[in-house]
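From first to last, the protein sequence lines stand for chains B and S. Just so we're aligned, residue 340 is where the first sequence starts under the numbering used here, counting upward by one. Just so we're aligned, residue 100 is where the second sequence starts under the numbering used here, counting upward by one. One structure is given below, encoded as structure tokens.
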Amino acid sequence: MLLKKGAEASLFLEQWHGRKVVMKKRLPKKYRLPQLDESIRSYRTVHEPQLMHQSKEAGVPSPTIFLVDVEEANIVMEFIEGDQVKQILHTLTTEGRRKLCSYIGMLIGNLHKHGIIHGDLTTSNMILTPHGKIVFVDFGLGEFSTELEARGVDLHLMKRAFQSTHYKYAKEGFEAVMEGYSDVTGKKLAEDLLKKIREIEERGRYVSREEG
Amino acid sequence: MHRSAMTYCLGIESTADDFSVGIVTFEGEALANVTSTYMSESGGIHPREAAQHHTRVVGKVLREALRKAHIEPKDVEIVAFSQGPGMGPCLRTGATAARALASYLDVPLMGVNHLVAHIEIGRLATGAEDPVTLFVSGGNTIVAAFDVGRYRIFGETLDIAIGNCIDVFAREAGLRPEEGLPVAAMVEELASRGVVFVPLPYTVKGMDLSFSGLLTAATELLRKTKYRLEDLCHSLQEGIFSMLTEVTERALAHTEKKEVLLTGGVAANKRLQTMLEIIAKEHEARFCVVPKQFAMDNGTMIAWMGILAYQHGLKVPIEKSFVRLKWRLDEVDVPWMKR
Ligand SMILES: Nc1ncnc2c1ncn2[C@@H]1O[C@H](COP(=O)(O)OP(=O)(O)OP(=O)(O)O)[C@@H](O)[C@H]1O
Ligand SMILES: Nc1ncnc2c1ncn2[C@@H]1O[C@H](COP(=O)(O)OP(=O)(O)OP(=O)(O)O)[C@@H](O)[C@H]1O
């Protein structure tokens with residue numbers, strides 16, 4: 340059964356040895372040259388499970404991987420019961436939202452501390468389980484890095500997701516994320532990153548165009 | 100010709116290397132558009148030199164636009180100008196001309212956002228109602244869509260703009276603009292004859308993009324005589340356009356909009372159009388591309404934005420008409436969009 344059609348992949352809900360699993364299929368993209376398409380799909384199929392595995396090691400919940408088929412660019416993983424944070428954020432009280440966002444920030448902080456960059460931090464890629472756990476999914480664009488730049492971009496994406504999708508509480512939401520982040524990584528890094536994010540936001544604007 | 104019942108807006112665009120004047124009726128009919136482009140020796144833009152060029156051509160471009168539209172200066176009922184974002188000296192030249200004209204004619208002055216203008220002219224020209232917009236030009240790379248009162252930015256470049264990336268590569272490859280043919284169009288033509296694909300860095304972060312690593316790698320390959328220029332142009336285009344298409348598709352999947360609008364100077368590229376058309380079809384969305392004359396920077400879009408802003412009471416008093424170099428797309432209210 341088709342669970343979701345993402346931009347990159349189609350996700351199917353299936354039974355696999357008596358378990359409910361998600362089969363993430365990276366189908367070929369007709370717009371890309373086959374050669375480029377294959378290399379992107381297989382690269383991501385190999386890397387996503389590695390990052391998910393490391394994420395667990397870092398204490399950040401992510402789906403358990405059962406099977407990886409690089410040839411077909413398929414990944415079979417645990418099905419996570421629950422709601423996308425995107426769907427439920429507006430149903431919370433201000434305090435509840437602050438707590439959840441701060442918790443998300445702690446998880447991001449843990450990922451970064453362990454050298455993991457998620458690569459697509461949006462509230463659709465975080466699932467709130469009935470037990471109140473947050474599970475991170477979609478590591479397809481992730482990488483291993485401890486550089487300030489990579490961490491800054493990761494958090495910038497989170498901030499952007501709030502601004503584009505949760506504009507009403509973008510400010511409080513992202514501030515709470517940074518609070519939680521700061522709690523696990525320390526004030527100094529969090530402050531450096533806030534500066535970095537500002538710098539990233541300034542780039543790509545007209546100003547940075549070659550004016551030579 | 101009797102046009103006395105109509106109301107005209109004159110728009111001045113001067114964010115970068117183009118100085119352009121457009122005249123549009125309140126019904127959205129574009130009557131004239133005249134552009135003068137500053138060309139530098141090096142290919143890059145020197146803001147002050149560009150501004151000097153603009154100052155030199157203001158009178159000529161204005162006269163030519165009025166002549167083409169068959170109207171007199173006194174027929175102009177609104178003056179609009181691009182207030183930002185852009186290069187300071189260039190913006191100021193346009194703003195000064197607009198202020199002078201508006202106060203001389205004693206008509207309202209409208210300072211409008213250049214980025215919103217690109218989207219609005221796209222909607223007007225293609226009939227798109229509520230699209231995911233990919234705006235790609237010499238200075239911008241933005242994926243945006245409307246939500247509650249504003250155009251929200253879903254993705255943008257983390258370093259250089261896509262048009263700039265192509266232009267720099269082209270210059271490094273020794274291409275020089277010819278009459279009416281930008282270097283990027285030469286890259287497109289060369290690419291169409293490319294066969295070998297050389298992999299280049301592919302950097303997508305969520306819905307954001309980075310081109311500088313790819314540009315460096317591509318430029319280095321130029322120095323290796325091993326590859327034909329056709330193949331390198333082909334590889335460059337395939338790489339950067341695949342990245343653009345990927346993030347546009349991601350925005351489309353997230354927003355579930357039913358239209359894709361391609362705008363900005365790079366929209367002229369046929370290969371990019373083809374790629375976006377494919378993802379639009381896959382998501383059952385209509386693909387819209389802005390006609391060439393409205394894709395590049397133009398006064399028409401500024402005039403049209405001026406009309407929309409005027410109709411929604413967004414006036415700009417002359418003393419508040421200072422230019423805004425870094426004015427963001429998502430800082431602008433767009434009350435004409437419903438919901
Ligand atoms: N293991 C899982 N269990 C339950 N839901 C999942 C699981 N993995 C992903 N999802 C849901 O499906 C959505 C799409 O999955 P995913 O993000 O992996 O696909 P994608 O095609 O890579 O997405 P994108 O559109 O960001 O490219 C996620 O946002 C998430 O809400
Ligand atoms: N055929 C083409 N293929 C790809 N790019 C093209 C083509 N023709 C023109 N361009 C690009 O269009 C850009 C110019 O477009 P435009 O006038 O919209 O940009 P700009 O003057 O830099 O303005 P903006 O302020 O909107 O960023 C150039 O950078 C050029 O590379």
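For glycine and all other residues, C-beta sits at the position ideal for the given N, C-alpha and C.
Bounding residues of the beta strand (DSSP E) (the contiguous stretch that carries residue i)
i, result
"F296(S)", "Element bounds for F296(S): n/a, residue is neither H nor E."
"Y520(B)", "Per DSSP, Y520(B) belongs to no beta strand (DSSP E); it is in the alpha helix (DSSP H), 509-524."
"F245(S)", "240-246"
"I427(B)", "Here I427(B) belongs to no beta strand (DSSP E); instead the alpha helix (DSSP H) covers 424-427."
"W403(S)", "From DSSP, W403(S) is part of no beta strand (DSSP E) but of the alpha helix (DSSP H) over 398-410."
"F351(B)", "349-355"
"D205(S)", "Looking at the DSSP string, D205(S) is not in any beta strand (DSSP E), and its letter there is neither H nor E."
"F268(S)", "First-last for F268(S): 261-271, but that is the alpha helix (DSSP H), not the beta strand (DSSP E)."
"S309(S)", "307-309"
"F393(S)", "Per DSSP, F393(S) belongs to no beta strand (DSSP E); it is in the alpha helix (DSSP H), 391-394."
"V175(S)", "175-183"
"L233(S)", "231-235"
Sub-8 Å separation of residue i and residue j beta-carbons
i, j, result
"V346(S)", "L299(S)", "no"
"K535(B)", "L487(B)", "yes"
"A131(S)", "V231(S)", "no"
"E358(S)", "A394(S)", "no"
"R389(S)", "A224(S)", "Correcting the residue type first, residue 389(S) is Val in the shown sequence and not Arg. Closer than 8 Å, so yes."
"V474(B)", "M416(B)", "no"
"H453(B)", "E518(B)", "no"
"A244(S)", "T354(S)", "yes"
"V133(S)", "E163(S)", "yes"
"F351(B)", "K364(B)", "yes"
"I447(B)", "Y370(B)", "no"
"I404(B)", "M391(B)", "yes"
"G254(S)", "M186(S)", "no"
Own chain, CB closer than 8 Å to residue i, minus 5 neighbours either side, in chain order
i, result
"L204(S)", "P172, K173, V175, V178"
"H101(S)", "Because H101(S) carries a pLDDT of 45, less than 50, the predicted location of this residue cannot be relied on, and the following value inherits that uncertainty. Taken in chain order, the list of residues that qualify is empty."
Other residues of its chain near residue i: CB distance less than 7 Å, five sequence neighbours each side excluded
i, result
"H411(S)", "P434, W435"
"D258(S)", "S309, F310, S311"
"A500(B)", "L460, T461, T462"
"L428(B)", "R436, T462, H505"
"V409(B)", "S381, T384, V385"
"S135(S)", "F118, V156, V160"
"D116(S)", "T136, Y137, I144, A149"
"G363(S)", "H217, F234, V235, S236, N239, A394"
"G398(B)", "N449"
"Y442(B)", "I473, G519"
Same chain, Cβ closer than 6 Å to residue i, neighbours up to 5 away in sequence not counted
i, result
"N212(S)", "W426, V431"
"S547(B)", "With a pLDDT of 38 at S547(B), under the threshold of 50, the modelled position of that residue is not reliable, and the figure given next carries that caveat. So the list is empty, once near-sequence residues are dropped."
"Y545(B)", "Model confidence at Y545(B) stands at a pLDDT of 49, short of 50, so the residue's coordinates are unreliable; what they give is reported in the following sentence. Excluding residues within five positions, none has a Cβ falling inside 6 Å."
"L360(S)", "G221, A227, P230, T232, C387"
"N239(S)", "A260"
"L439(B)", "none"
"S291(S)", "none"
"G551(B)", "Caution applies to G551(B), whose pLDDT of 30 falls short of 50 and renders its modelled position unreliable; the value that the coordinates give is listed next. Around G551(B): no qualifying Cβ."
"E329(S)", "L289, R292, G293"
For residue i, the first and last residue of its enclosing alpha helix (DSSP H)
i, result
"V346(S)", "328-354"
"G121(S)", "No alpha helix (DSSP H) holds G121(S); the beta strand (DSSP E) holding it covers 117-124."
"E219(S)", "213-225"
"Y442(B)", "433-452"
"F501(B)", "487-504"
"K159(S)", "146-168"
"N368(S)", "Premise fails: N368(S) is in no alpha helix (DSSP H) and is neither H nor E."
"N132(S)", "Note, N132(S): premise wrong, no alpha helix (DSSP H); beta strand (DSSP E) at 129-136."
"T384(B)", "373-396"
"M285(S)", "282-290"
Cβ distance (whole Å) where residue i is taken to contact residue j below 8 Å
i, j, result
"A294(S)", "L331(S)", "The amino acid occupying residue 294(S) in the given sequence is Val; Ala does not appear at that position. The Cβ separation is near 12 Å, so there is no contact."
"L496(B)", "K304(S)", "6 Å"
"L467(B)", "G512(B)", "Their Cβ separation, rounded to whole angstroms, is 14 Å, which puts L467(B) and G512(B) out of contact at 8 Å."
"L200(S)", "I417(S)", "Not confirmed; about 11 Å, so no contact."
Any chain D beta carbon closer than 8 Å to residue i
i, result
"P298(S)", "This model lacks chain D altogether, as its protein chains are B and S."
Proximal chain B residues relative to residue i, where beta-carbon distance stays under 8 Å
i, result
"F253(S)", "R499, S503"
Closer than 9 Å at the beta carbon, the chain S residues around residue i
i, result
"T461(B)", "G305, M306, H353"
"S328(B)", "The requested residue 328(B) does not occur in the structure, where chain B is confined to residues 340 to 551."
Partner residues on chain S for residue i, Cβ-Cβ distance less than 7 Å
i, result
"R371(B)", "S341"
Where residue i meets chain S, residues with beta-carbon distance less than 8 Å
i, result
"R537(B)", "Here the premise fails: no neighbours, minimum Cβ distance about 12 Å."
"G602(B)", "The structure shown has nothing for residue 602(B), since chain B only spans 340 to 551."
Chain-ordered neighbours of residue i on chain B, where CB pairs are closer than 7 Å
i, result
"E337(S)", "L372, L375"
Residues that residue i contacts on chain B, provided the C-beta gap is smaller than 9 Å
i, result
"I377(S)", "K368, K369, Y370"
"R327(S)", "Ordered by position in chain B, no residue passes the 9 Å Cβ test against R327(S), which lies about 17 Å from the chain."
Any heavy atom of ligand 4 within less than 5 Å of residue CB: hits in chain order
Ligand 4 is not among the ligands present in this structure, which contains only ligand 1 and ligand 2.
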